[in-house]
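The working numbering numbers the first residue of the sequence shown as 1168 and each following residue consecutively. Beta carbons are placed, not taken as given, at the ideal position from N, Cα and C, and that holds for glycine.
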Amino acid sequence: MSISRWKALLAGAMLGLWITYSSPPAFAAEINDYPTSARADYVFACMKANGETHQALERCSCSIDVIASLVPYERYVDAETVMSMIQTPGNLGNMFRATEFSKKVVDDLRRAQAEAEIRCF
């Protein structure tokens, strides 16, 4: 085999390795499906409740990372919506308080928040 053929094979192999290791895995989008704005909203609200310090920033950032690892973003949005609507007085609020779906999504989020509390605070 000629030297130029070896160089071409080596260059191809190196390119393949570079592509493999420089791009995120295909499932990364599934793992990190929370938009930055949703993470920032959570961290801002968490810091407001826990003191606006650098330590609170680290703990609140950790907290949303744990929640994101346990609850898919779509489910998180559902739970946040339900929790907001539960606070609505009257029949509209009752519709959200009374459904099994509402209870399940809120319970899932609360379990994830409890896990985040244990790991991060």
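{"Check": "Answer with buried or exposed for Leu1259, where buried requires no fewer than 16 other C-beta atoms within 10 angstroms of its C-beta.", "Outcome": "exposed"}
{"Check": "So, is Asp1208 buried or exposed, given that buried needs 16 or more other C-beta atoms within 10 angstroms?", "Outcome": "exposed"}
{"Check": "Is there a C-beta anywhere in chain C that falls below 9 Å from the one on Pro1202?", "Outcome": "Note that chain C does not occur in the displayed structure, where there is just one protein chain."}
{"Check": "What is the DSSP secondary structure of Ala1283, counted as helix, strand or coil?", "Outcome": "helix"}
{"Check": "Does the Cβ of Ser1204 have 16 or more other Cβ atoms within 10 Å, making it buried, or fewer, making it exposed?", "Outcome": "exposed"}
{"Check": "Helix, strand or coil: how does DSSP classify Phe1268 here?", "Outcome": "helix"}
{"Check": "Taking Cβ positions, are Arg1206 and Ala1235 nearer each other than 9 Å?", "Outcome": "yes"}
{"Check": "Distance check for Arg1286 and Val1210, CA to CA, integer angstroms please.", "Outcome": "16 Å"}
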